[in-house]
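> Heads up: the protein sequence lines correspond to chains Z and U, in order.
Residue 331, in this note's numbering, is where the first sequence stops; the numbers in between run on with no holes.
Residue 262, in this note's numbering, is where the second sequence stops; the numbers in between run on with no holes.
This structure is in structure tokens; I'll ask about it shortly.
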Amino acid sequence: MSKYREACASGKFVVSGEIGPPKGTDVEAMVHHIDLLKDLVDGLNVTDNQSAVMRLGSMAVSHEIVTRGGDAIYQVTCRDRNRLAIQNDLLSAHFLGIRNVLALTGDHVSVGDHKDAKEVYDFESVQLIQAIKRMNEGFDWAGNELQGATDFFIGAVVTPESDPIEPQKLKFEKKVAAGAQFFQTQAVYDMDNFQRFMEYARGVTEGKDVKIMAGLVVLTSVGMAKYMNKFVPGVFVPDDLLEEMASVPKEEALHKGMEICARHIRFCRDNKVCDGVHIMAIGKEEIVPDILRMAEII
Amino acid sequence: MIISMQKPLEEILESLAGETNVYIVGCGECATVTQTGGEEQVAEMKARLEEAGKKVVATDVAHAACHELDMKRIFRQNKDAATAADAFLVLSCGAGAQSVREGTSKHVVPGTNSLFVGNVKRQMVFEEKCSLCGECLLDEYGTICPVTRCAKGILNGPCGGTNNGKCEVDSEKDCAWVLIYNQLKSEEKLDKFMTIHGPKRWNAVQRPGRIDGRAADEEKGAA
Numbered sequence: 034m035s036k037y038r039e040a041c042a043s044g045k046f047v048v049s050g051e052i053g054p055p056k057g058t059d060v061e062a063m064v065h066h067i068d069l070l071k072d073l074v075d076g077l078n079v080t081d082n083q084s085a086v087m088r089l090g091s092m093a094v095s096h097e098i099v100t101r102g103g104d105a106i107y108q109v110t111c112r113d114r115n116r117l118a119i120q121n122d123l124l125s126a127h128f129l130g131i132r133n134v135l136a137l138t139g140d141h142v143s144v145g146d147h148k149d150a151k152e153v154y155d156f157e158s159v160q161l162i163q164a165i166k167r168m169n170e171g172f173d174w175a176g177n178e179l180q181g182a183t184d185f186f187i188g189a190v191v192t193p194e195s196d197p198i199e200p201q202k203l204k205f206e207k208k209v210a211a212g213a214q215f216f217q218t219q220a221v222y223d224m225d226n227f228q229r230f231m232e233y234a235r236g237v238t239e240g241k242d243v244k245i246m247a248g249l250v251v252l253t254s255v256g257m258a259k260y261m262n263k264f265v266p267g268v269f270v271p272d273d274l275l276e277e278m279a280s281v282p283k284e285e286a287l288h289k290g291m292e293i294c295a296r297h298i299r300f301c302r303d304n305k306v307c308d309g310v311h312i313m314a315i316g317k318e319e320i321v322p323d324i325l326r327m328a329e330i331i
Numbered sequence: 040m041i042i043s044m045q046k047p048l049e050e051i052l053e054s055l056a057g058e059t060n061v062y063i064v065g066c067g068e069c070a071t072v073t074q075t076g077g078e079e080q081v082a083e084m085k086a087r088l089e090e091a092g093k094k095v096v097a098t099d100v101a102h103a104a105c106h107e108l109d110m111k112r113i114f115r116q117n118k119d120a121a122t123a124a125d126a127f128l129v130l131s132c133g134a135g136a137q138s139v140r141e142g143t144s145k146h147v148v149p150g151t152n153s154l155f156v157g158n159v160k161r162q163m164v165f166e167e168k169c170s171l172c173g174e175c176l177l178d179e180y181g182t183i184c185p186v187t188r189c190a191k192g193i194l195n196g197p198c199g200g201t202n203n204g205k206c207e208v209d210s211e212k213d214c215a216w217v218l219i220y221n222q223l224k225s226e227e228k229l230d231k232f233m234t235i236h237g238p239k240r241w242n243a244v245q246r247p248g249r250i251d252g253r254a255a256d257e258e259k260g261a262a
């Protein structure tokens, strides 16, 4: 069983971080981040051409994490590959020792750096969850028997602040029905809203072994917080946090953002709001150990 | 309706470089509605080409430029002009241009870009609602096509990019999934929303598509 899956099964408060592969062959900073975090968290997500920007692949980096003794959560999007390529990649990832998969539809190419590329979406997230489940059961999507089944821990995402929320909730329910075993949410900042969402989500997953981790993106400045509110769909930073970020001088903003993140981790853990957190520091992974200390995770 | 847009004149002139005698073909159907290849636009193009030093040997607005037999008939009727022409400029969709291709062995220049199959919202306002996918799923989705109207064409609900009911790809466009949700809810058919749909059968029609309905007609005739 993978370390991340084991952590989820143990009932402990699960913590994951995130690694963004670089655009190019210089992996020094990335490898440093992996080594810094791999033993402090239960798993490290590896993004797949994040924001539709072409980068080093998530499979190769996930493999590197596993090789270095950490555990990887291999992100797979449906934007760049058809059903043959995705299943091929999943078998390849399994061969390389990767056991956790986060199934995503993937950002549209129009938000990325290859805007004229043909987006694929042959599968989308719900179908990808189903496909991984079938592979775990020993069959490919076409119904052919696999020579050896996969053993993936199947993850998915949900956007608790989606506007409107009702269709998003139904999609979440479909992902649960399709076989998602863990969820990492889109970034949440309003803990009251998130608690309400979790009450609903617990109702949906009742009787099922489904873990839900709050997605926490560290605020680095009040400008970044405002930008997220304005331009990132499904992310809502409430006014009191904007004020809190604005209350300190610029050079202390990052530390304030870390404090807020640590506070939210403690809130989720101490109130048993959810089963864990997924911390995204987006290129500033070196601050994650301090956040974990501030939250008394380590 | 096939929605097209005229190519810039410079691009057309570049394609016609070294050729003097031009035969312009328009279309009485879609390209007339989109004002890219109707009578008026063909006359305008004639004037612009002449201004650029070309000789327009003939203009014809076919009833429907995609009808290959009609196109051949038109060129037979205008044999002298068709023979004199160095090139044919087609102000129709790509289907129309290739219909002209069947009627002549000379240089055929497409004068438009074909954009999508569009509904006419009002004069000169067009929206894509069907992408001719070969297997209609509309009844599953409140007759709002996610294959076409969702930027990702996904089949099981909205992605995370819904933004105040709009699409993150283009804030002018409604999120198809919000429309589908609202429609199914108003019909009290949200159970349809909860159905998990498998991926599309992209080869429901083998591309390039071809249907030969004659055998079926003959059978009907015999019965």
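Ideal Cβ placement from N, Cα and C applies to all residues, glycine included.
Could you please give the first and the last residue of the uninterrupted beta strand (DSSP E) stretch that includes N121 (chain Z)?
Here residue 121 (chain Z) is taken as the residue at index 88 of the first sequence, counted from 1. Not the beta strand (DSSP E): N121 (chain Z) falls in the alpha helix (DSSP H), residues R116 to F128.
> Of all the residues that make up the segment 101-122 of chain Z, which are near chain U by a beta-carbon distance shorter than 7 Å?
Residues R116.
> What are the residues in the segment 232-244 of chain U lying within 9 Å of chain Z by C-beta distance?
So the close ones are F232, M233, T234, I235, H236, G237, P238, K239 and W241.
> K204 (chain Z): which of U:K231, U:K205 and U:A190 sits nearest, CA to CA?
Looking up residue 204 (chain Z) in the first sequence gives position 171. Comparing Cα positions, the closest option is U:K231.
> Contact between the segment 309-329 of chain Z and the segment 116-123 of chain U: three or more CB pairs below 8 Å?
Contact fails: fewer than three Cβ-Cβ distances are below 8 Å.
> Can you say whether C175 (chain U) is buried or exposed, counting buried as having 16 or more other CB atoms within 10 angstroms of its CB?
Position 136 of the second sequence, counted from the start, is the residue given in the question as residue 175 (chain U). Answer is exposed; the Cβ neighbour count stays below 16.
> Determine the direct distance from the alpha carbon of N304 (chain Z) to that of Q228 (chain Z), and round the result to whole angstroms.
Taking the first residue of the first sequence as position 1, residue 228 (chain Z) is located at position 195. Taking the first residue of the first sequence as position 1, residue 304 (chain Z) is located at position 271. For Q228 (chain Z) and N304 (chain Z), the distance between alpha carbons rounds to 10 Å.
> Can you tell me whether A328 (chain Z) is buried or exposed, with buried defined as 16 or more other CB within 10 angstroms of its CB?
The residue you call residue 328 (chain Z) lines up with position 295 of the first sequence. Buried.
> Threshold first: 4 residues or longer. Then list the alpha helix (DSSP H) segments lying entirely within the segment 162-229 of chain Z, N to C.
Taking only runs of at least 4 residues, the alpha helix (DSSP H) segments lying wholly in the segment 162-229 of chain Z are 199-211.
> So L194 (chain U) contacts chain Z; which residues on that side make the cut at Cβ distance below 7 Å?
Translated into the one-based positions of the second sequence, residue 194 (chain U) becomes position 155. By Cβ distance, chain Z contributes E157.
> Mind checking G92 (chain U): buried by the 16 CB within 10 Å criterion, or exposed?
Within the second sequence, numbered from 1, the residue matching residue 92 (chain U) stands at position 53. It counts as exposed.
> Give a yes or no on whether the C-beta atoms belonging to G199 (chain U) and T192 (chain Z) are separated by under 8 Å.
Residue numbering aside, residue 199 (chain U) sits at position 160 when the second sequence is read from its first letter. Residue numbering aside, residue 192 (chain Z) sits at position 159 when the first sequence is read from its first letter. Going by C-beta atoms, G199 (chain U) is nearer than 8 Å to T192 (chain Z).
> What residues of chain Z sit near K191 (chain U), judged by a beta carbon separation below 9 Å?
By 1-based counting over the second sequence, the position of residue 191 (chain U) is 152. Near K191 (chain U) (Cβ distances below 9 Å), the residues of chain Z are C111, R112, T138, G139, H141, E152, Y154 and E157.
> Below 7 Å on C-beta distance, what does C198 (chain U) contact in chain Z?
As a working note, residue 198 (chain U) is residue 159 in the second sequence. Neighbours of C198 (chain U) on chain Z, chain order: T138.
> Compare the C-alpha of V144 (chain Z) against each of U:E79, U:C69, U:H102 and U:K191 and name the closest.
Taking the first sequence and counting its residues from 1, one reaches residue 144 (chain Z) at position 111. That would be U:K191, whose Cα lies nearest to the Cα of V144 (chain Z).
> Could you work out which residue in U:H102, U:A56 and U:L48 is closest to K85 (chain U) when comparing CA atoms only?
Looking up residue 85 (chain U) in the second sequence gives position 46. When each option's Cα is compared against that of K85 (chain U), the closest is U:L48.
> Would K289 (chain Z) be called buried (16 or more neighbouring beta carbons within 10 Å of its own) or exposed?
Translated into positions along the first sequence, residue 289 (chain Z) becomes position 256. Answer is buried; the Cβ neighbour count reaches 16.
> What distance in whole Å lies between the Cβ atoms of E157 (chain Z) and I193 (chain U), which are believed to be in contact at a cut-off of 8 Å?
Here the question's residue 193 (chain U) lines up with position 154 in the second sequence. Here the question's residue 157 (chain Z) lines up with position 124 in the first sequence. Right, the Cβ-Cβ distance comes to about 4 Å (below 8 Å), so this counts as a contact.
> Run through the segment 122-156 of chain U for me and flag every whole beta strand (DSSP E) of 3 or more residues, listed as ranges in chain order.
The segment 122-156 of chain U contains these whole beta strand (DSSP E) runs: 126-129 and 146-149.
> Which residue marks the beginning of the alpha helix (DSSP H) containing N195 (chain U), and which one marks its end?
As a working mapping, residue 195 (chain U) is identified with position 156 in the second sequence. Looking at the DSSP string, N195 (chain U) is not in any alpha helix (DSSP H), and its letter there is neither H nor E.
> Quick one: any contact between the segment 183-201 of chain Z and the segment 211-221 of chain Z, if contact means 3 or more CB pairs under 8 Å?
Taking 8 Å as the limit for Cβ pairs, the verdict is that the segment 211-221 of chain Z does touch the segment 183-201 of chain Z.
> Residues in the segment 260-291 of chain Z with C-beta within 7 Å of chain U's C-beta atoms, listed in sequence order?
Taking 7 Å as the Cβ-Cβ cut-off against chain U, the residues of the segment 260-291 of chain Z that qualify are P266 and G267.
> According to DSSP, simplified to helix, strand and coil, what is A247 (chain Z)?
Numbered from 1 along the first sequence, position 214 holds the residue referred to as residue 247 (chain Z). Three-state result, A247 (chain Z): strand.
> Between N202 (chain U) and chain Z, is any beta-carbon pair separated by less than 8 Å?
Locating residue 202 (chain U) in the second sequence gives position 163, counting from the first residue. For N202 (chain U), the answer is yes, since a Cβ of chain Z falls inside 8 Å of its Cβ.
> Are the Cβ atoms of N133 (chain Z) and D155 (chain Z) separated by less than 8 Å?
In the first sequence, the residue the question calls residue 133 (chain Z) occupies position 100. In the first sequence, the residue the question calls residue 155 (chain Z) occupies position 122. No, Cβ-Cβ distance for N133 (chain Z) and D155 (chain Z) is not below 8 Å.
> Kindly say whether E207 (chain U), judged by its beta-carbon, lies nearer than 8 Å to any beta-carbon of chain Z.
As a working mapping, residue 207 (chain U) is identified with position 168 in the second sequence. Yes, E207 (chain U) counts as interfacial toward chain Z.
> With a floor of 4 residues, list each alpha helix (DSSP H) that falls wholly inside the segment 225-307 of chain Z, ordered by position along the chain.
Listed in chain order, they are 255-264, 272-279 and 286-303.
> DSSP state of C206 (chain U), grouped into three classes?
The sequence position of residue 206 (chain U) within the second sequence is 167, counting from 1. In the structure shown, C206 (chain U) sits in a strand (DSSP, three-state: E or B).
> Applying a beta-carbon distance threshold of less than 9 Å, which residues of chain Z neighbour Y220 (chain U)?
If you number the second sequence from 1, residue 220 (chain U) lands on position 181. Residues of chain Z passing the Cβ test: P197, E199, P200 and L203.
> Starting from the C-beta of S35 (chain Z), find all residues in its chain whose C-beta is less than 7 Å away, skip the five residues before and the five after it, and write them out in chain order.
Position 2 of the first sequence, counted from the start, is the residue given in the question as residue 35 (chain Z). Once the five neighbours on either side are set aside, the close Cβ partners of S35 (chain Z) are D104, R132, N133 and F186.
> Should S210 (chain U) go down as buried or exposed, given a rule of 16 or more other Cβ atoms within 10 Å for buried?
Counting from 1 along the second sequence, the entry for residue 210 (chain U) is found at position 171. S210 (chain U) comes out exposed.
> Whose Cβ in chain U lies nearer than 9 Å to the Cβ of K36 (chain Z)?
As a first step, residue 36 (chain Z) is located in the first sequence; it is residue number 3 there, counting from the start. Going along chain U, no residue has its Cβ under 9 Å from K36 (chain Z), so there is no contact; the nearest lies around 27 Å.
> I'd like to know if K166 (chain Z) contacts chain U, where contact means its C-beta is closer than 8 Å to some C-beta of that chain.
To locate residue 166 (chain Z), count along the first sequence from 1; it is residue 133. It does not: the Cβ of K166 (chain Z) has no partner Cβ on chain U nearer than 8 Å.
> Quick check on DSSP: helix, strand or coil for F46 (chain Z)?
Sequence index remark: in the first sequence, residue 46 (chain Z) carries index 13 (1-based). In the structure shown, F46 (chain Z) sits in coil (DSSP, three-state: anything other than H, G, I, E or B).
> Determine, for V129 (chain U), whether the minimum Cβ-Cβ distance to residues of chain Z falls below 8 Å.
Residue numbering aside, residue 129 (chain U) sits at position 90 when the second sequence is read from its first letter. False, the Cβ-Cβ gap to chain Z never drops below 8 Å.
> Tell me, please, which residues DSSP counts as bridged to D99 (chain U).
As a working note, residue 99 (chain U) is residue 60 in the second sequence. Paired residues: U:V64.
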